[in-house]
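Q:
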Amino acid sequence: MRGLLGTGNRVLVVGEDALTLCDADGVLATADPGSDAALAGLGQHLRRHRGPVLLLLDTLDQFYRREPVARVGLLDRAKVLARRIAQAMPDVEVRGALPLTDTDDPAGRPHLFVGLAEDDLLRRVIATVHEARCTVAGVSLLPLEGAGMLRDLARSLAGEGRPLEGRWTLYIARHAGGIRQIVTRDGDLALTRLTPPPPSEEDEERLAAELAQEVQSSISYLGRQGYTPAEGIDIVLIGPESLGEALGARGPLVRSVVALSARDLAERLKLRADLRRLPAAGAWGQRVEGLIGAWAQGRRPRLALMPPILRRQYQVKRVTGWALAVLLLAVVGLAVDLTLLRHQQYLDRDSIAALRVQQAAYGETLTIRRDHIAAYPMAVEDLAALLRVADEVAARRRLPDPDLAALATALGEQIRADRVTWILPERPTARRGQPRPPQPPPVLTVRLDLTMVEDIGLAVRAVEAVAARLRVLFPDRSVEILQQVASLLPGQSLVGAGGTVVAPSRAPDRRAELRIGESPR
Amino acid sequence: MTLQIGTGRTILIVLLALIVVALGGARLLLFGPATESLAQQRAGLERSVATLRRDVDRADATLVTLQRDWVRYEAVAADGFLDRQERLEAGARLDALARAAGLNGLLYTFRPQQTMETDGAAPAGRRLAMTPLEIDLFGPLDGTVLAFADGLDAALPGRVVLREVTVDRLLPVTPAALEALAQGQPVDFVRGRVRAEWYALVPEDGR
């Protein structure tokens, strides 16, 4: 993920005796921190390619403590960690903590507490960077990044068949401030030391003895961190092979010694550094802190520290960063909004054009339809009213045909009607709020003359037979005998005589009357 | 020590702020109102088109109704229902109907014309006129009276509603009467009486 999550900045390695500016291509410039002129020259280098600068401190005043931190919830973790660091390093101004991979400690997860004094050198370097109108991308410690570099190096050496298989690895090299040792345990920083250079660096025999002594001192410190002599230690030396062999011979606790030149180191770390400028043969004193800086360039620092003098700048940077993000979001949001509005306008215009066409078409159709309607000589409402009245009158119309034909069938050939009356009753008027009742059926009245029938009983039965036939023919109507041929009905008076008594001389009225009316409900 | 935002970043912030202002201004002053106006215009047109579509549908329905009703109107008009009630002409038609039915004679009375109420509103400019009609008929058979009553509605223009039909036998069927009938003499065996109502939808100011 190089360059993606990393800073992508230049790296300024701050040593006690030298400042080394580097990027992915290698060392760009070096300067003596004690010289104002050298600092000004460095400032010119920085100004040439403005951009953030990561400070990688290779100085003396660095404090490290391995401490377990109780396992707490996610919300309380930062608070607990800050309190523990403050307790562990109360007098140190710049503090930070790095969780370690070792999780065996029952007291909590081990952390590497890191402290840094904000000394005059750091302030001068930061001022130089700012004067060059560059920003400090962050402050980290070279031993921490060196530990990471050693892990990459171990992987590279393993690929060459020279694995660093032990848990402990020691890097030793001549840096600007002295002899830098970085010891890692399972890839985590276990110890680092910066010791003054030996007085006789040219004499390899004496140098080897001095270095062996320094290594021995470091190993003695490691005992507190669980190092046992049986484990041994792998050493990576930046120097000649001969010095490595001499060092291996002198250190009984050493498992292996790998001696590398600066070019070897750059090759194995796959740096973009111009290898032609680096010496191929290993020699003690080759400065490789620039290569560590080049390795760290583009990577996210393992631990970014925040000196007080930078805190405000970071706050301003953060605020401006947020402002930029908000403005960018606003620009994007507005651009999207305007695009959507533009699209909506396009859709609306399209719809409006289509609607206008529809409007014209419907308008034209409506005009044609209205012209057709107007061409009729009568308004539709008047026509409907007229037809309604015609229907109303037509509904009153009843022809006597069906009833009279049925009557003729019922009478037969023998019986003649004396009088036939067909009356259509008036249609009742509507009650308020109710529809008008339908037209009632006609009322038929038939008077029969049965004078020619001598036998009165036969005449009576004939009338009853006619009534029965009428009831069959008019099943939904009432058929009643209004008058029989003799006064036989319960409501009539019947006069009779017998024996010697003669009935009053009154011609027998052999007429009957039947009525076919509306069915009684 | 000076706090640096950085020239590039400052320029970027200012540039972005200007862009935001420009875009925001365009959004508020140009695009927003224009889009709103177009949306209103579109909504108005949609309403107008919907109204027009409804009107066309109604006009179509009206036209269909008109076409259907006009056919019926022509039939009603052809039937004389919309004509004035001409009594002289009607009397002549009654006479012709009686002859055609085989009646020997008739006596008719047109009573004064009345204006009738209708169930609904009367059509504009017209009123429903009703003339009561009483007709006495004389003929040889009851069938002749009934044939006259049956043909009455068709004989007169407009509509005729029968209210009452009465058939009375006047004479007994005797050999003498039958002889007279055979010699072609008119013999009135029956007398009929028809009471009817003669309707027409006449002009408001017409008879």
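Protein chains in written order, with this note's numbering: chain A, 58 to 578; chain H, 152 to 358. Idealized CB from N, CA, C, for every residue including glycine. Just so it is clear, the structure is predicted and the values come from calculations on it, not from any experiment.
#1: In terms of alpha-carbon separation, which member of A:Thr158, A:Pro147, A:Pro255, A:His168 lies closest to Leu138 (chain A)?
#2: Cutting at 7 Å between CB atoms, please list the residues of its own chain near Leu539 (chain A), excluding the five before and the five after it.
#3: Would Ala251 (chain H) pass as an interface residue toward chain A - the criterion being a Cβ-Cβ separation below 9 Å?
#4: Kindly say whether Gly290 (chain H), judged by its beta-carbon, lies nearer than 9 Å to any beta-carbon of chain A.
#5: Helix, strand or coil for Glu150 (chain A)? Go by DSSP, reduced to three states.
#6: With distances taken from CA atoms, which of H:Tyr224, H:Val316, H:Pro354, H:Tyr350 is nearest Arg453 (chain A)?
#7: Spell out a yes or no on whether the segment 325-345 of chain A and the segment 172-184 of chain A are touching, meaning 3 or more CB-CB pairs, one atom from each, closer than 8 Å.
#8: Does the beta carbon of Leu154 (chain H) sit closer than 9 Å to a beta carbon anywhere in chain A?
#9: Identify every residue that forms a DSSP beta bridge with His168 (chain A).
#10: Return the Cβ separation of Gly172 (chain A) and Arg152 (chain A) in integer angstroms, given the expectation that the two are a contact with Cβ distance under 8 Å.
#11: Helix, strand or coil, according to DSSP, for His232 (chain A) in the structure here?
#12: Which value, in whole angstroms, describes the spacing of the CA atoms of Leu180 (chain H) and Val172 (chain H)?
#13: If the cut-off is 8 Å on Cβ atoms, which residues from the segment 215-248 of chain H count as contacting chain A, listed in chain order?
#14: By the criterion of Cβ-Cβ separation under 8 Å, what are the contact partners of Val68 (chain A) in chain H?
#15: Start and end of the alpha helix (DSSP H) containing Tyr259 (chain H)?
#16: So, with DSSP's three-state summary, where would you put Arg310 (chain H)?
#17: For Pro156 (chain A), collect the residues of the same chain with a Cβ closer than 7 Å to its Cβ; drop the 5 residues on either side in sequence, then sort them by chain order.
#18: Going along the chain, which residues of its own chain have a beta-carbon closer than 6 Å to the beta-carbon of Pro109 (chain A), five neighbours each way excluded?
#19: From the DSSP output, in three-state form, read off Asp608 (chain A) for me.
#20: Just confirm the distance between the C-beta atoms of Pro204 (chain A) and Thr252 (chain A), as a whole number of angstroms; I'd bet it's less than 8 Å.
#21: What are the uninterrupted segments assigned as beta strand (DSSP E) that are 3 or more residues long and contained completely in the segment 271-314 of chain A, given in chain order?
#22: Which residues of the segment 168-200 of chain H have a Cβ closer than 8 Å to any Cβ of chain A? Give them in chain order.
#23: Look up Ala338 (chain A) in the DSSP assignment and say whether it is helix, strand or coil.
#24: Rounded to a whole number of angstroms, what is the C-alpha to C-alpha distance between Pro90 (chain A) and Ala351 (chain A)?
#25: With a threshold of 9 Å between beta-carbons, can Gln415 (chain A) be considered close to chain H, or not?
#26: Going by DSSP, which residues form a beta bridge with Ser535 (chain A)?
#27: Rounded to whole angstroms, what's the CA-CA distance from Leu381 (chain A) to Leu163 (chain H)? Just pull it up for me.
#28: Is the CB of Glu285 (chain H) under 9 Å away from at least one CB in chain A?
#29: Figure out for me which residue from A:Gly216, A:Arg399, A:Glu271, A:Leu214 has the closest Cα to the Cα of Gln580 (chain A).
#30: Below 6 Å CB to CB, which residues in the same chain sit around Thr502 (chain A) once its five sequence neighbours on both sides are set aside?
#31: Whole angstroms are fine: how far does the CA of Gln191 (chain H) sit from the CA of Arg205 (chain H)?
#32: Residues of the segment 305-336 of chain H with a CB closer than 8 Å to any CB of chain A: list them in chain order, please.
#33: How long is the line joining the alpha carbons of Leu76 (chain A) and Gly234 (chain A), rounded to whole angstroms?
#34: In angstroms, rounded to a whole number, what distance separates the CA positions of Glu124 (chain A) and Ala287 (chain A)?
#35: Looking at the secondary structure, which residues open and close the beta strand (DSSP E) in which Glu285 (chain H) lies?
#36: With distances taken from CA atoms, which of H:Leu313, H:Leu214, H:Gly231 is nearest Ala300 (chain H)?
A: Based on what the coordinates show:
#1: The residue from A:Thr158, A:Pro147, A:Pro255, A:His168 with its alpha-carbon nearest to that of Leu138 (chain A) is A:His168.
#2: If you ignore the 5 residues before and after Leu539 (chain A), its C-beta comes within less than 7 Å of the C-beta of Glu570, Leu571, Arg572, all in its own chain and listed in chain order.
#3: In terms of beta-carbon proximity, Ala251 (chain H) stays away from the interface with chain A, with every pair separated by 9 Å or more.
#4: By this cut-off, Gly290 (chain H) is not an interface position.
#5: Collapsing the DSSP output to three states places Glu150 (chain A) in coil.
#6: Nearest option by C-alpha distance: H:Tyr350.
#7: Contact annotation: the segment 325-345 of chain A does not touch the segment 172-184 of chain A, with fewer than three C-beta pairs closer than 8 Å.
#8: Legend: pLDDT at Leu154 (chain H) = 49, less than 50; position of this residue unreliable, value from coordinates given subsequently. For Leu154 (chain H), the answer is yes, since a Cβ of chain A falls inside 9 Å of its Cβ.
#9: DSSP output for His168 (chain A) lists A:Glu124, A:Pro156 as bridge partner(s).
#10: About 5 Å; that satisfies the 8 Å criterion.
#11: Strand, per DSSP.
#12: Roughly 11 Å between the two C-alpha positions.
#13: The segment 215-248 of chain H vs chain A, Cβ under 8 Å: Thr216, Leu217, Asp220, Trp221, Arg223, Tyr224, Val227, Phe232, Leu233.
#14: The contacting residues do not exist; Val68 (chain A) stays about 19 Å from chain H at best.
#15: For Tyr259 (chain H), there is no enclosing alpha helix (DSSP H); the residue is part of the beta strand (DSSP E) that begins and ends at 256-261.
#16: Arg310 (chain H): strand per DSSP, three-state reduction.
#17: Close CB contacts of Pro156 (chain A) within its chain, under the 7 Å cut and outside five residues either way in sequence, are with Arg166, His168 (chain order).
#18: In its chain, beyond the 5 residues on either side, Asn66, Thr192, Ala194 have a beta carbon closer than 6 Å to the beta carbon of Pro109 (chain A).
#19: There is simply no residue 608 (chain A) to check, as chain A begins at 58 and stops at 578 in what is shown.
#20: The question names Pro, but residue 204 (chain A) in the sequence shown is Ala. Contact flag wrong, Cβ pair sits at about 18 Å.
#21: Positions of the beta strand (DSSP E) runs, each at least 3 residues long and wholly inside the segment 271-314 of chain A, are given as 290-295 in order along the chain.
#22: Under the 8 Å Cβ criterion, the segment 168-200 of chain H contributes Ala168, Ile170, Val171, Leu174, Gly175, Ala177, Arg178, Phe182, Gly183, Ala185, Thr186, Leu189, Ala190, Gln192, Arg193, Leu196, Glu197, Ser199, Val200.
#23: Residue state, collapsed to three classes: coil.
#24: Taking the straight line from one Cα to the other gives about 20 Å.
#25: Yes, contact with chain H.
#26: In the DSSP assignment, Ser535 (chain A) is bridged to A:Gly574.
#27: When the Cα atoms are used, Leu381 (chain A) and Leu163 (chain H) turn out to be separated by approximately 8 Å.
#28: No, no contact with chain A.
#29: No answer is possible for residue 580 (chain A): the residues shown for chain A start at 58 and end at 578.
#30: Correct list, in chain order: Thr478, Arg572.
#31: Straight-line measurement puts the Cα of Gln191 (chain H) at about 21 Å from the Cα of Arg205 (chain H).
#32: Those residues of the segment 305-336 of chain H that come within reach of chain A (Cβ to Cβ, closer than 8 Å) are Arg310, Val311, Val312, Leu313, Arg314, Glu315, Val316, Thr317, Val318, Asp319, Arg320.
#33: Spanning the two alpha carbons is a distance of roughly 10 Å.
#34: In a straight line, the C-alpha of Glu124 (chain A) is about 25 Å away from that of Ala287 (chain A).
#35: Start and end: 277-290.
#36: It is H:Leu313.
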